[in-house]
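Residue numbers (my numbering): 41 to 291. Positions of the beta carbon are idealized from the N, C-alpha and C atoms, including for glycine.
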Ligand SMILES: C[S@@+](CC[C@H](N)C(=O)[O-])C[C@H]1O[C@@H](n2cnc3c(N)ncnc32)[C@H](O)[C@@H]1O
């Protein structure tokens, strides 16, 4: 297994960013495939806001949220408790070796994880084994080849390319969105349906700082400064390209 570092880190900046996500805002593509009584795994659940929304939808079924970070699992548990949701539990573990018996889940949801993995197909194969026959997976990841940025300049393009390259050096791939269909097929899934959408970030400051923090930490100070300056433009734009895929385990 190639080495893997989670590029955003679990800073308050990154975690608060993830915690704004809901099933409605980021998982809508999978909602038509979720029903009451389903047993669902949320792979790479982060702070658990999407997992808790899924739990409400599939009650009295159960959601298992899984993340490699203990701090994320603790935050997810706290969020579920505060939300009064008792049909979600959270586990620390690796997506390459899931702590569940084979064929446990009706559905597996996986949002914003594949782009951080050095061997995403291995994680998808592991997910395949944990799905029941006729079970379905919903995966969604960004693709930095589709990012829309304004105002544009050679400097800001170089800064965001440096971030994508940093993620690649960490073992991930920010350009993975377009490959989700092929990866799912290689992992054994069938009936693969792909879609893409844009998310227009409401504040440049938020995304500018998210990217700048890790560039700065890794010694790319000039790129970090470029991003922070760019983020001050109140009429600028950053839009994220997301690819979603829904697929089936048919045997
Ligand atoms: C970008 S966050 C996404 C969180 C949530 N799914 C969302 O979309 O808001 C990715 C999460 O995957 C977790 N992660 C990274 N590598 C992992 C691995 N190998 N196995 C399990 N979780 C992992 C990270 O700790 C992080 O919480």
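- Rounded to whole angstroms, the separation of the alpha carbons of residue 259 and residue 75 is 47 Å.
- At a threshold of 6 Å, residue 93 does not count as near ligand 1, since its beta carbon sits no closer than that to any of the ligand's heavy atoms.
- Assignment of residue 278 by DSSP, reduced to helix, strand and coil, places it in the strand class.
- By the beta-carbon neighbour count (other beta carbons within 10 angstroms, threshold 16), residue 250 is buried.
- Membership of residue 46 in any beta strand (DSSP E) is not indicated, and neither H nor E is assigned to it by DSSP.
- The residues 190, 191, 244 and 270, in chain order, have a CB closer than 7 Å to that of residue 276 in the same chain once the five nearest residues on each side in sequence are set aside.
- Look at residue 146: its beta carbon is at least 6 Å from all of the heavy atoms in ligand 1.
- Look at the beta carbons and you see the region 59 to 78 touching the region 144 to 162: at least three pairs across the two are nearer than 8 Å.
- Within the region 112 to 164, the complete beta strand (DSSP E) segments of 3 residues or longer fall at 128 to 132 and 145 to 151, listed in chain order.
- Going by DSSP, residue 175 is part of the beta strand (DSSP E) stretching over 171 to 182.
- Considering only 150, 217 and 170, the residue with the shortest C-alpha distance to residue 138 is 170.
- If you check the C-beta of residue 254 against ligand 1, you find no heavy atom less than 6 Å away.
- For the pair of segments examined, the region 172 to 182 was found not to touch the region 119 to 131: the number of CB pairs separated by less than 8 Å stays below three.
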